[in-house]
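Enquirer: There's a structure below that I have some questions on.
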Amino acid sequence: MNSVIVGMLAETFVHPGTGQNVGAIDLPVAREAATDYPFIAGSSLKGALRQAYEQLGNGGAEAIFGRQDNAGELLASDARLLLLPVRSLSSAYKWVTCPHLLERLARDAGRSGMTVSFQMPKVADKTVLSQGSGRLFLEERSFEVTGGPGDKLVEALGSLIPNESARARLKGQLAILSDDDFAWFARYGLAVQARNVLDDKKTSKNLWYEETLPPDTLMYAVLAERNGQGVLQDVQKIGDYLQVGGNETVGQGWFSLQWLGAR
Numbered sequence: 001m002n003s004v005i006v007g008m009l010a011e012t013f014v015h016p017g018t019g020q021n022v023g024a025i026d027l028p029v030a031r032e033a034a035t036d037y038p039f040i041a042g043s044s045l046k047g048a049l050r051q052a053y054e055q056l057g058n059g060g061a062e063a064i065f066g067r068q069d070n071a072g073e074l075l076a077s078d079a080r081l082l083l084l085p086v087r088s089l090s091s092a093y094k095w096v097t098c099p100h101l102l103e104r105l106a107r108d109a110g111r112s113g114m115t116v117s118f119q120m121p122k123v124a125d126k127t128v129l130s131q132g133s134g135r136l137f138l139e140e141r142s143f144e145v146t147g148g149p150g151d152k153l154v155e156a157l158g159s160l161i162p163n164e165s166a167r168a169r170l171k172g173q174l175a176i177l178s179d180d181d182f183a184w185f186a187r188y189g190l191a192v193q194a195r196n197v198l199d200d201k202k203t204s205k206n207l208w209y210e211e212t213l214p215p216d217t218l219m220y221a222v223l224a225e226r227n228g229q230g231v232l233q234d235v236q237k238i239g240d241y242l243q244v245g246g247n248e249t250v251g252q253g254w255f256s257l258q259w260l261g262a263r
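Residue numbers for the sequence shown follow UniProt numbering, so the first one is 1 and each next one is one higher.
Structure follows, in structure tokens:
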């Protein structure tokens, strides 16, 4: 079974919603039940890929993506979080990740027939692996810098970033936290935006709050073809950009894509 890994760098805010409200947030992002990490469901990703493919006008969408009585040849995983932008006092932001997310990447690469060459980092609570020394402030929290992320890890993560200038910034902006420390930012570090509907007299009719993933969030997904019939090559014809999730009419949901694997 042929597979590719698709790196997905958010170019805008992204709202992969669930349609269920939680507390004060009317429209939260979709989250994994066990980890609470934000993610994009495979069904949503596959639907976005189908829409982009159909706009090419090439035909064959039903064979690739399926129809009501047939699943189609393309298999799409959930899009998983890999790097989360977090505000920092020492730079505009840091790209934050944790050993658990890196372990997932290595496992997903393995089942896709690829290998990763980096060693899995070990990070204690309240410490961080990042360039520099002393202490690193993320949001209002402080972490002791105990080392750097390693060149092989930076290279592996950089291979999933489509933009060359963004890739060049990775080494200086990468920060690896412990799983528990990262979980706090994944849960509480996302932007919450207020949106409103006004009537003809500019009076509020409906105020709501929605959660979004910030620009420069890095995610990835695994795509595979069921019977090795060149489906992956056809799907890659959609190009370098994909719109996923809600709020398309206000410019949200855009990712740039980096394809790794069979061409």
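We put the CB at the ideal spot given by N, CA and C, even for glycine. Fair warning: this is a prediction, and the values are worked out from it, not measured in the lab.
#1: With burial defined as no fewer than 16 other Cβ atoms inside 10 Å of the residue's Cβ, what is the status of S130: buried or exposed?
#2: Reducing DSSP to helix, strand and coil, say where S161 ends up.
#3: Just to confirm my understanding: we take K46, look at its own chain, exclude 5 residues before and 5 after, and list those with CB closer than 6 Å. What are they?
#4: Do you know offhand how far Q233's Cα is from T127's?
#5: Helix, strand or coil: how does DSSP classify F182 here?
#6: Going by DSSP, what residue range makes up the beta strand (DSSP E) through F137?
#7: In the region 208-252, which residue ranges form an unbroken beta strand (DSSP E) of at least 3 residues, counting only runs that do not cross its ends?
#8: Relative to the alpha-carbon of R31, which residue among K94, S43, G23 and G17 has its alpha-carbon at the smallest distance?
#9: Do D240 and P121 have their C-beta atoms closer together than 8 Å?
#10: Which runs of the beta strand (DSSP E) fall wholly inside the region 51-89 and span at least 3 residues, in chain order?
#11: Contact check, A33 vs M219 under 8 Å by CB: the rounded distance?
#12: Give the secondary structure of G132 by DSSP, where H, G and I count as helix, E and B as strand, and everything else as coil.
#13: Under the DSSP definition of a beta bridge, which residues are partnered with Y93?
#14: Quick check: F137 and L83, are their CB atoms within less than 8 Å of each other?
#15: In chain order, what residues of the same chain lie with their CB nearer than 8 Å to the CB of Y53, ignoring the 5 residues before and after it?
#16: Report yes if the C-beta of H15 is less than 7 Å from at least one heavy atom of the ligand NAD; otherwise report no.
#17: Should W208 be labelled buried (16 or more other beta-carbon atoms within 10 Å of its own) or exposed?
#18: Looking at the structure shown, is V145 part of a helix, part of a strand, or coil, going by DSSP?
#19: For M1, which option in G230, Q55, A168 and G246 has the closest C-alpha, if you only look at C-alpha atoms?
#20: For F185 and L27, I'd like the C-alpha separation in whole angstroms.
#21: According to DSSP, is Q119 helix, strand or coil?
Expert: Answer, in terms of the structure:
#1: The count along the sequence shown starts at 1 and reaches residue 130 at position 130. Buried is the call here.
#2: Residue mapping note: residue 161 aligns to position 161 of the sequence shown, counting from 1. Looking at the sequence shown, residue 161 is not Ser but Ile. Residue state, collapsed to three classes: coil.
#3: The residue labelled residue 46 in the question sits at position 46 within the sequence shown. Answer for K46: A76, listed in chain order.
#4: As a working note, residue 233 is residue 233 in the sequence shown. As a working note, residue 127 is residue 127 in the sequence shown. When only Cα atoms are considered, Q233 and T127 end up about 43 Å apart.
#5: Position 182 of the sequence shown, counted from the start, is the residue given in the question as residue 182. It is helical.
#6: As a first step, residue 137 is located in the sequence shown; it is residue number 137 there, counting from the start. Run containing F137: R135 to L138, per the beta strand (DSSP E) assignment.
#7: 218-225 and 241-243, all fully within the region 208-252.
#8: Here residue 31 refers to the residue found at position 31 when the sequence shown is read from its first residue. Residue G17 is the option with its Cα nearest to R31.
#9: Here residue 240 is taken as the residue at index 240 of the sequence shown, counted from 1. Here residue 121 is taken as the residue at index 121 of the sequence shown, counted from 1. Taking the C-beta atoms as reference points, P121 is found no nearer than 8 Å to D240.
#10: Correct list: 74-76 and 79-87.
#11: What you label residue 33 is simply residue 33 of the sequence shown in a count that begins at 1. What you label residue 219 is simply residue 219 of the sequence shown in a count that begins at 1. With a beta-carbon spacing of about 18 Å, A33 and M219 fall beyond the 8 Å limit used to define contacts.
#12: Looking up residue 132 in the sequence shown gives position 132. DSSP, reduced to helix, strand and coil, places G132 outside both helices and strands of the structure shown, so it counts as coil.
#13: For this step, residue 93 is matched to residue 93 along the sequence shown. According to DSSP, Y93 bridges with R87.
#14: Here residue 137 corresponds to residue number 137 of the sequence shown, with the count starting at 1. Here residue 83 corresponds to residue number 83 of the sequence shown, with the count starting at 1. No, they are not a contact pair.
#15: As a working note, residue 53 is residue 53 in the sequence shown. Within the same chain, and ignoring the five residues on either side of Y53 in sequence, the residues whose Cβ sits closer than 8 Å to its Cβ are A61, I64, F65, D234, V235, K237 and I238.
#16: You won't find the ligand NAD in this model; it holds no ligand whatsoever.
#17: As a first step, residue 208 is located in the sequence shown; it is residue number 208 there, counting from the start. By the neighbour-count criterion, in which a residue is buried when 16 or more other Cβ atoms sit within 10 angstroms of its Cβ, W208 is exposed.
#18: For the purposes of this step, residue 145 is taken as the residue at position 145 of the sequence shown. In the structure shown, V145 sits in a strand (DSSP, three-state: E or B).
#19: Position 1 of the sequence shown holds residue 1. Across the set G230, Q55, A168 and G246, the C-alpha of G230 shows the shortest separation from the C-alpha of M1.
#20: In the sequence shown, the residue the question calls residue 185 occupies position 185. In the sequence shown, the residue the question calls residue 27 occupies position 27. Computed Cα separation, rounded: 18 Å.
#21: Translated into the one-based positions of the sequence shown, residue 119 becomes position 119. Note: Q119 maps to coil in three-state DSSP.
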